[in-house]
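Enquirer: Numbering (UniProt numbering), first residue to last: 1 to 628. Sharing a structure, written as C-alpha cells. Questions coming.
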Ligand SMILES: Nc1ncnc2c1ncn2[C@@H]1O[C@H](COP(=O)(O)OP(=O)(O)OP(=O)(O)O)[C@@H](O)[C@H]1O
C-alpha cells in the first residue's frame, strides 16, 4: 500500500467523455483484454523517451535514476499488477490533465463511433483501436498511479475505481518512484491470470517486445527482476536479421494497430544525409483517418533518441503511414521548433515522401492485389495530394485507380484508360457523384456509352476538388460529362448505334419555348449530343463549377450562389417529338411539360423538384388529361 501525507485526497469528476469511455471499458465484453498491457507499456516507454530527450538539454533531470527501464511486478497473493517506469513522470497538474480528460483526437473519433455502435460492435472497436490508459479498467477495479516528475521533489498519487470520480493527493517521496510513474492495478477476480509470470511474459514479448526501452519482470514483489525485452531498436538491425513476425510485432506495438502491415518499408538512406526509415502502411483503415485534426504520426529519432512525432515528415495525404525516421545528421541538442526549420529535415521529408510513393508504385506492379487493397483503403486520402502536392502529382496520378463505366467493378489505372482512348478522343471523361451505382446509370453517360467511351466514375468527396485543379494525364485534360458541351460528334459510334438526327424545326421551336418558359431557372436549353435514351438531362455551363462540386459546397454552406444549369434535350426522343407537335396554342400544356422535364432531370440527378407542390400539381393535370 502506498501511504500518503496528511493532506486529504481531493475527489474530482472525470470529464464527461472519459466517464463514457470508462463505462464502456468496465462493461466491455471484449475478449482480448491483453491490450491494456500494451497500452500501459507504450505509455511507460514514451515517458522514458521523453525524458531521454529532455535530458539532452537538462542533464539535471536525469538525476541518479539510472538507465531508462520499465519494470513489471506481479503480486499473485494480492492480485496486483504494477507497471513502473523511470521516465519523465507527471506532476499533480499533469496527472489531472492526462488522466482526467481525453486529449487524443483518435479517442474522440472512437467515442463518436462507439456512441452509435451496438454492444458487440463496440467491443470489436476496442480491439481495432487502442484507447490508452483507460483500458486498464477492463481488468482492474481500482487503479493507482503514483508519479514523480523528473527533477522535482514532489510526488502525487491518483486513484480511481473508474466509476466517475478519481482522487488525487500528494504521496511521500519514499513511497514514490525516484523518478517516473508507477501504475498499480488491483485486478478483478476474473483477471487473476495477469499475475502469472508465463502469461505476462508471453503477452509482453508479443505485444511490446520491440519498444525501445528494456523491460524487466519480477514474478513477485521480492523476486529478482529478469530482463524479458532488450529495448534494442529494431530499425538499427540489418534487414536480413529481422523476421516478418518481428516487423509485424513492432508495427503493432508502435502503431497501436491490430492488423498486419500491408507494406513494410525499411531502408537506410546514405549519401548527403544519413537516416534510417522503418515505415508501415496498415492493412486496415484507422477509424479517425478523416478527422480534420488527424495528422501523420511518423516519429523522428536522432541517433536512437526519440525527438518528436510532430515533425510532419510526410505530407498530410500520407497520414496513414506509420513508423519512424532515425537521423544521423540532425543535432541532438536543438529544440523541436528549430528542427522544423532544418534543411536536413526538409531533405528527409522529401526523400521519405518520394520513397513511399515509389514503393507503392513498385508494389502495384509486383503484387496488384495487395496494392489494390491499399488503394481501396487509402486512395481517397492519397487523392488529396493531387491538388495539394503539385510536385508529386504525376506520381500520384500514376498510383491512382478508378472504377469506370467499362471496368465492371474492377479498378483501372490511367495508363489503362489512355490505352483505350477512342478515335478523336481528346479528354479523359469522368462523372462525379456520391453513389457509384447511381452514377453509372446517369443519363449524361448515354452518348459516351453509344461511342464506347470509358467514363471514370468518381464517388469520393475529394474527387470533385482535384479534378478542378487543372490536372491532366498524358496531355489529356480531365473533363466532366456533366459540364459544358459534350462535343462527341467527332467520335464514331459503336456498331449498331444510329446517329442522332439534327433537331427538326418543330423540336427547335419547342426547345426555344422551354427556354422562355423556364426563364431564369436555367442558363440555357439546347439539343444534346450526349443523350440517347433519356429525354432530358442537366449539365453545368462550360465555365464555372461542376454540378457535383456545387452541391458539395452548398451542402457545407460554402456557396453563396450556384450557377444555373443547362437543360439538354434529346431531339430524337419520341416524347420530345410528340411535345414538339403539340398545338402551339396549348400553352398551358407546353408550360407544364417544360417544368416537368426540368424537374425530371433534377430527379435523375438525385435532387428534389424545384417546387415539389407545383410539380405534383402539374403531374396530376397531365395524368388527368391523359385519361380523358
Ligand atoms: N507512464 C506514464 N508516464 C508519463 N505520462 C504518462 C504515463 N502514462 C500516461 N501518461 C500521460 O497520460 C496521457 C494519456 O495517456 P493515454 O494512454 O490515455 O493516451 P496517449 O498515450 O496520449 O495516446 P497514444 O497512446 O496515442 O500515444 C499521455 O499522453 C501522457 O501524457
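We put the CB at the ideal spot given by N, CA and C, even for glycine.
Should residue 458 and residue 402 be called a contact, given that it needs their Cβ atoms to be closer than 8 Å?
Expert: Yes; because the gap between Cβ atoms is below 8 Å, this pair is in contact.
Enquirer: DSSP three-state label for residue 411, please.
Expert: Residue state, collapsed to three classes: coil.
Enquirer: Assuming the contact rule is C-beta atoms closer than 8 Å, residue 159 and residue 166 should be a hit. Round their C-beta distance to whole Å, please.
Expert: 6 Å between Cβ atoms; contact.
Enquirer: Among the candidates 262, 265, 210, 287, whose CA atom is the shortest distance from the CA of residue 254?
Expert: Of 262, 265, 210, 287, the residue nearest in Cα terms is 210.
Enquirer: Is there a Cβ of chain D sitting closer than 8 Å to that of residue 284, yes or no?
Expert: Checking the listed chains, one finds no chain D in this structure; it contains a single protein chain.
Enquirer: Identify, in the order they occur along the chain, each residue of the same chain with its Cβ nearer than 6 Å to the Cβ of residue 485, setting aside the five sequence neighbours on each side.
Expert: Closer than 6 Å at the Cβ level, and outside the excluded window around residue 485, lies no residue.
Enquirer: So is residue 578 buried or exposed if we call it buried at 16+ other beta carbons inside 10 Å?
Expert: So residue 578 ends up on the exposed side.
Enquirer: Residue 312 to residue 446, Cα distance in whole Å?
Expert: Whole-angstrom Cα-Cα distance: 46 Å.
Enquirer: Report yes if the C-beta distance between residue 372 and residue 399 is below 8 Å; otherwise report no.
Expert: No, the pair does not count as a contact, with Cβ atoms beyond the cut-off.
Enquirer: Please classify residue 347: does DSSP put it in a helix, a strand, or coil?
Expert: Reduced to three states, the DSSP call for residue 347 is helix.
Enquirer: Report yes if the C-beta distance between residue 146 and residue 182 is below 8 Å; otherwise report no.
Expert: Yes, they are a contact pair.
Enquirer: Would you call residue 580 buried or exposed, if buried means 16 or more other Cβ atoms sit within 10 Å of its Cβ?
Expert: By the neighbour-count rule (16 or more Cβ atoms within 10 Å), residue 580 is buried.
Enquirer: Can you give, in chain order, each stretch of the beta strand (DSSP E) that sits fully within the region 427–470 and has at least 3 residues?
Expert: The region 427–470 contains these whole beta strand (DSSP E) runs: 428–432, 455–458.
Enquirer: Determine the burial state of residue 97: buried for a count of at least 16 other Cβ atoms within 10 Å of its Cβ, exposed for fewer.
Expert: Result: exposed.
Enquirer: Let me know if residue 132 comes out buried or exposed under the rule of 16 or more other beta-carbons within 10 Å of its beta-carbon.
Expert: Counting Cβ neighbours within 10 Å, residue 132 comes out buried, since at least 16 surround it.
Enquirer: Buried or exposed, going by whether 16 or more other CB atoms sit within 10 Å of the CB of residue 80?
Expert: With 16 or more Cβ atoms within 10 Å of its Cβ, residue 80 is classed as buried.
Enquirer: Just mark residue 368 as buried or exposed, buried being the case when its beta carbon has 16 or more other beta carbons within 10 Å.
Expert: When all chains shown are included, residue 368 counts as exposed.
Enquirer: Could you check the C-alpha separation between residue 192 and residue 321 for me, to the nearest Å?
Expert: Each residue's alpha carbon lies about 37 Å from the other.
Enquirer: Considering only DSSP beta bridges, list what residue 473 is partnered with.
Expert: In the DSSP output, where bridge partners are listed per residue, residue 473 has 476.
Enquirer: Where DSSP assigns a beta bridge to residue 324, which residues make up the other side?
Expert: Note: residue 324 sits in a beta bridge opposite 278, 299.
Enquirer: Would you identify the three-state DSSP class for residue 244, choosing helix, strand or coil?
Expert: Residue 244 falls in the helix class under three-state DSSP.
Enquirer: Check residue 84 in the structure and name its three-state DSSP category.
Expert: Looking at residue 84 - three-state DSSP - the assignment turns out to be strand.
Enquirer: Measure from the alpha carbon of residue 405 to the alpha carbon of each residue in 426, 441, 396, then state which is nearest.
Expert: Of the candidates 426, 441, 396, the one whose C-alpha sits nearest the C-alpha of residue 405 is 441.
Enquirer: Smallest Cα separation from residue 389: which of 439, 327, 314, 339?
Expert: When only C-alpha atoms are compared, the closest one is 314.
Enquirer: Does ligand 1 have even one heavy atom less than 7 Å from the beta-carbon of residue 90?
Expert: At least one heavy atom of ligand 1 is nearer than 7 Å to the Cβ of residue 90, so yes.
Enquirer: State yes or no: is the C-beta of residue 134 nearer than 7 Å to some heavy atom of ligand 2?
Expert: Of the ligands this structure carries, namely ligand 1, none is ligand 2.
Enquirer: Please name the residue or residues paired with residue 144 in a DSSP beta bridge.
Expert: Bridge partners of residue 144: 159, 184.
Enquirer: What does the alpha-carbon distance come out to for the pair residue 162 and residue 238?
Expert: Those two C-alpha atoms are separated by around 44 Å.
Enquirer: Under a Cβ-count criterion, where at least 16 other Cβ atoms within 10 Å of its own Cβ denotes burial, should residue 332 be classed as buried or exposed?
Expert: Residue 332 is exposed by the Cβ-count criterion.
Enquirer: What first and last residue would you give for the alpha helix (DSSP H) that runs through residue 583?
Expert: From DSSP, residue 583 is part of no alpha helix (DSSP H); its letter is neither H nor E.
Enquirer: Please state whether DSSP places residue 568 in a helix, a strand or coil.
Expert: Residue 568: strand per DSSP, three-state reduction.
Enquirer: Residues in the same chain with beta-carbon distance under 7 Å from residue 572, minus the five sequence neighbours each way, listed in chain order, please.
Expert: Counting only Cβ-Cβ distances below 7 Å, and skipping sequence neighbours, we find 500, 501.
Enquirer: In terms of residue numbering, what span does the beta strand (DSSP E) encompassing residue 12 cover?
Expert: Segment 10–13, the beta strand (DSSP E) holding residue 12.
Enquirer: In the DSSP output, what is residue 404 paired with across the bridge?
Expert: According to DSSP, which records beta bridges pairwise, residue 404 is partnered with 456.
Enquirer: My understanding is that residue 306 touches residue 52, with C-beta atoms under 8 Å, so please give their C-beta distance in whole angstroms.
Expert: Residue 306 to residue 52, Cβ: 7 Å. Contact.
Enquirer: Does DSSP put residue 50 in a helix, a strand or coil?
Expert: Helix.
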